[in-house]
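K.L.:
For reference, each letter of the sequence shown is one residue, going 1 to 545 in the UniProt record's numbering.
Cβ coordinates follow ideal geometry from the N, Cα and C atoms, glycine included.
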Amino acid sequence: MSSFVAKLVSGALPLFGGLTLEQTNGNWTSWQGLPDFAPPVPGAGHVTKRVPQVYEGNTVQQATPYTGVTRKYHFDVTRTFLSPDGYLKPVIAINNQVPGPLIEANWGDWIEVTVTNSIRGPADGTAIHWHGLLQRETPWYDGVPGDFHPSYETLVEGIMGVTGVNRKPAFSDNNLINGKMNYDCSLVKDGTPCVSNAGISKFVMKPGKKHLLRVINGGSAGLQYFSIDEHELEVISMDFVPIKPYRTNYITLGVGQRSEVIVRGKKSKEDTSRAYFMRANLSTICALPRQPHALAALYYSDADAAANKTPRSAAQVFSESRLGCANEALASTVPVHAAPAKQPDRVIRLQITDSVNATGHEEYLINNQTFRINFNQPVLKLAQEGNFSYPNDPQWNVISTGRSRVVRVVWENQKFDPADPQVSNLTFAHPMHMHGHDWQVLAAGFGTWDGRVTNARNPLRRDTHLLPPNGHLVMQFETDNPGIWPFHCHVAWHVSAGLLVNIMERPLSLPSRSQIPRIMEQTCKDWNAWSSRNVVPQIDSGLRL
Numbered sequence: 001m002s003s004f005v006a007k008l009v010s011g012a013l014p015l016f017g018g019l020t021l022e023q024t025n026g027n028w029t030s031w032q033g034l035p036d037f038a039p040p041v042p043g044a045g046h047v048t049k050r051v052p053q054v055y056e057g058n059t060v061q062q063a064t065p066y067t068g069v070t071r072k073y074h075f076d077v078t079r080t081f082l083s084p085d086g087y088l089k090p091v092i093a094i095n096n097q098v099p100g101p102l103i104e105a106n107w108g109d110w111i112e113v114t115v116t117n118s119i120r121g122p123a124d125g126t127a128i129h130w131h132g133l134l135q136r137e138t139p140w141y142d143g144v145p146g147d148f149h150p151s152y153e154t155l156v157e158g159i160m161g162v163t164g165v166n167r168k169p170a171f172s173d174n175n176l177i178n179g180k181m182n183y184d185c186s187l188v189k190d191g192t193p194c195v196s197n198a199g200i201s202k203f204v205m206k207p208g209k210k211h212l213l214r215v216i217n218g219g220s221a222g223l224q225y226f227s228i229d230e231h232e233l234e235v236i237s238m239d240f241v242p243i244k245p246y247r248t249n250y251i252t253l254g255v256g257q258r259s260e261v262i263v264r265g266k267k268s269k270e271d272t273s274r275a276y277f278m279r280a281n282l283s284t285i286c287a288l289p290r291q292p293h294a295l296a297a298l299y300y301s302d303a304d305a306a307a308n309k310t311p312r313s314a315a316q317v318f319s320e321s322r323l324g325c326a327n328e329a330l331a332s333t334v335p336v337h338a339a340p341a342k343q344p345d346r347v348i349r350l351q352i353t354d355s356v357n358a359t360g361h362e363e364y365l366i367n368n369q370t371f372r373i374n375f376n377q378p379v380l381k382l383a384q385e386g387n388f389s390y391p392n393d394p395q396w397n398v399i400s401t402g403r404s405r406v407v408r409v410v411w412e413n414q415k416f417d418p419a420d421p422q423v424s425n426l427t428f429a430h431p432m433h434m435h436g437h438d439w440q441v442l443a444a445g446f447g448t449w450d451g452r453v454t455n456a457r458n459p460l461r462r463d464t465h466l467l468p469p470n471g472h473l474v475m476q477f478e479t480d481n482p483g484i485w486p487f488h489c490h491v492a493w494h495v496s497a498g499l500l501v502n503i504m505e506r507p508l509s510l511p512s513r514s515q516i517p518r519i520m521e522q523t524c525k526d527w528n529a530w531s532s533r534n535v536v537p538q539i540d541s542g543l544r545l
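1. Using only CA atoms, which one of SER201, VAL235 and LEU223 lies nearest to LEU253?
2. Looking at C-beta atoms only, is the number of pairs between the stretch 377 to 394 and the stretch 406 to 415 that lie closer than 8 Å three or more?
3. Does the pairing of the stretch 426 to 443 with the stretch 478 to 496 give three or more beta-carbon distances under 8 Å?
4. Look at PRO99 and ASN175 and say whether their C-beta atoms are less than 8 Å apart.
5. Taking the beta strand (DSSP E) that CYS489 belongs to, which residues open and close that run?
6. Going by DSSP, what residue range makes up the alpha helix (DSSP H) through GLU270?
7. Using C-beta distances below 6 Å, list every residue in its chain close to LEU467, excluding the 5 sequence neighbours before and after it, in chain order.
8. Let me make sure I understand the geometry here. Which of PHE226, VAL235 and MET238 has the alpha-carbon closest to that of MET278?
9. With contact counted as at least three CB pairs below 8 Å, one residue from each stretch, are the stretch 498 to 518 and the stretch 348 to 367 in contact?
10. For ASN413, does the three-state DSSP call read helix, strand or coil?
11. Can the beta-carbon of THR359 be found closer than 8 Å to that of ARG506?
12. So which of MET504, MET238 and LEU233 has the shortest CA-CA distance to LYS266?
13. Less than 8 Å between the CB atoms is what I'm expecting for PRO311 and ALA297, so what's the real figure, rounded?
14. Please go through the same chain and pick out, in chain order, the residues whose beta-carbon is closer than 7 Å to the beta-carbon of ILE228, but skip the five residues on each side of it.
15. Only counting the same chain, and skipping five residues up and downstream in sequence, which positions put a Cβ closer than 7 Å to that of THR333?
16. Which ranges would you report for the alpha helix (DSSP H) in the stretch 72 to 115 if only whole runs of at least 4 residues count?
17. Quick check on this structure: which residue in ILE516, ASP173 and ALA341 has the alpha carbon closest to the alpha carbon of LEU88?
18. Tell me, please, which residues DSSP counts as bridged to SER237.
19. Quick check: the Cα distance between GLY68 and TRP449, rounded to an integer number of angstroms?
20. ALA221 and VAL255 - do their beta-carbons sit closer together than 8 Å?
21. Could you have a look at GLN291 and say whether DSSP puts it in helix, strand or coil?
22. Whole angstroms are fine: how far does the CA of SER273 sit from the CA of SER301?
23. Alpha carbon to alpha carbon, what distance is there between ILE200 and VAL188?
24. For ARG457, collect the residues of the same chain with a Cβ closer than 6 Å to its Cβ; drop the 5 residues on either side in sequence, then sort them by chain order.
25. If we count the other Cβ atoms within 10 Å of its Cβ and call it buried at 16 or more, is ASP526 buried or exposed?
26. Residues bridged to TRP530 by DSSP?
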């Protein structure tokens with residue numbers, strides 16, 4: 001533990017009170033959440049409250065009730081300045097808040113989001129990807145991850161929306177919970193305004209009650225270990241897929257991964273009168289954080305929170321070196337609704353390497369090819385026009401599934417000969433995310449895959465999973481959602497360096513152009529017109545999650 005965080009834990013430094021919420025997080029309000037079944041928005045129509053007792057599909061996305069409700073949101077994307085940890089920095093915010101707005105709806109509702117790009121000084125294009133939502137039969141609404149220039153950004157994605165925070169590509173300066181943490185301002189040498197006790201997030205629990213926590217790694221890099229001192233976590237879902245509950249002291253979250261956990265409140269007056277730390281610790285063997293420890297304070301409703309007591313709780317103990325850069329064991333993460341692994345009719349093998357290009361910059365290669373986007377030539381649009389092959393621009397990294405119905409992908413992330421000056425012998429963990437699918441995780445581990453499938457009768461399903469360093473990840477999906485689906489590492493500077501392939505799923509079954517809303521076509525025309533008058537500073541792959 002860093003000396004600065006050790007002083008926070010010991011109470012030698014203040015935890016609370018230096019800055020207001022508006023100064024640290026902007027126009028940010030607490031996320032109250034909807035009731036068990038929220039009423040419809042005004043004028044949205046009748047809500048059908050009857051929910052099927054048995055799933056017809058394997059995930060929530062495959063079998064949904066009809067509610068007749070559309071929940072509407074308006075996002076305004078702007079540049080501003082905030083101090084999430086006390087250090088004043090330029091950020092890209094939605095509705096002037098970091099983290100971004102919560103999007104919440106009932107199962108079966110429609111969600112309509114109107115996004116206004118108000119980025120100025122300088123102006124730039126942007127796009128939002130709705131991480132974890134599969135966009136069945138509507139691939140044009142999938143978007144691409146945020147593309148902000150000129151610096152790397154941290155995005156909070158998925159059901160929470162998207163937020164951008166500038167940070168350096170190699171080392172992270174801090175780790176945050178709900179956009180808050182203190183920072184050691186004695187490290188600031190350039191005169192930037194900084195307040196050391198900006199304040200940490202605080203949560204309140206009720207004695208003896210169960211509490212549902214939705215935990216998201218919305219960072220730009222790093223494997224998070226999440227825990228609550230002296231409390232057990234019951235894990236009930238991963239990436240929106242319900243799993244058979246199991247209990248643990250901590251969970252792992254690669255970038256883009258989500259877990260739902262139940263925390264049981266303590267009952268005795270002695271226990272509930274105390275304060276506890278909630279912790280998110282960045283792995284120091286999977287990333288390069290300068291300050292890897294994030295803290296939040298947890299109080300019980302009958303405790304004296306007004307006293308702002310510093311928690312004196314004991315941290316959960318685990319061995320990071322023993323765990324390595326990997327997610328939980330696949331044998332212990334079993335979906336509630338079984339879907340056995342089928343025999344594939346297509347196997348795609350993808351090998352990750354990295355090299356140094358002619359300009360001296362590192363880039364990632366997949367089967368010896370890096371990725372670079374062309375914003376003026378959307379691959380989905382080209383495919384709908386009948387163009388299914390791109391020999392003149394291999395950097396689009398398009399792999400077609402053809403007529404295959406079950407596709408298995410074997411990722412290899414191996415160490416190579418360090419004697420080759422163009423190939424690095426350093427390998428990193430990659431949180432691999434595929435759009436458009438919850439896929440089956442058949443195997444993940446270190447070394448070369450031995451051909452065995454873990455829990456073949458009911459393998460874990462999720463949309464993001466860690467590919468270990470010097471290891472393998474084997475995943476499988478059914479081609480039941482025709483489209484062009486990016487499959488990429490979710491570490492910002494890894495995808496910036498080209499670690500992405502586009503899966504062209506059943507090209508002959510892609511939706512026709514007549515099915516695409518006119519606003520999508522108009523957006524492409526508007527971008528082409530804007531980019532013809534302005535220089536787009538694309539110095540990398542073009543994607544920075």
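P.N.:
This is what the structure gives:
1. LEU223
2. no
3. yes
4. no
5. 483 to 489
6. 269 to 272
7. TRP411, ASN413, HIS430, MET432 and LEU473
8. PHE226
9. yes
10. strand
11. no
12. LEU233
13. 6 Å
14. VAL263, TYR276, MET278 and LEU298
15. MET238, ILE243 and LEU460
16. none
17. ASP173
18. PRO242 and GLU260
19. 47 Å
20. yes
21. coil
22. 9 Å
23. 20 Å
24. PRO340
25. exposed
26. According to DSSP, TRP530 bridges with nothing at all.
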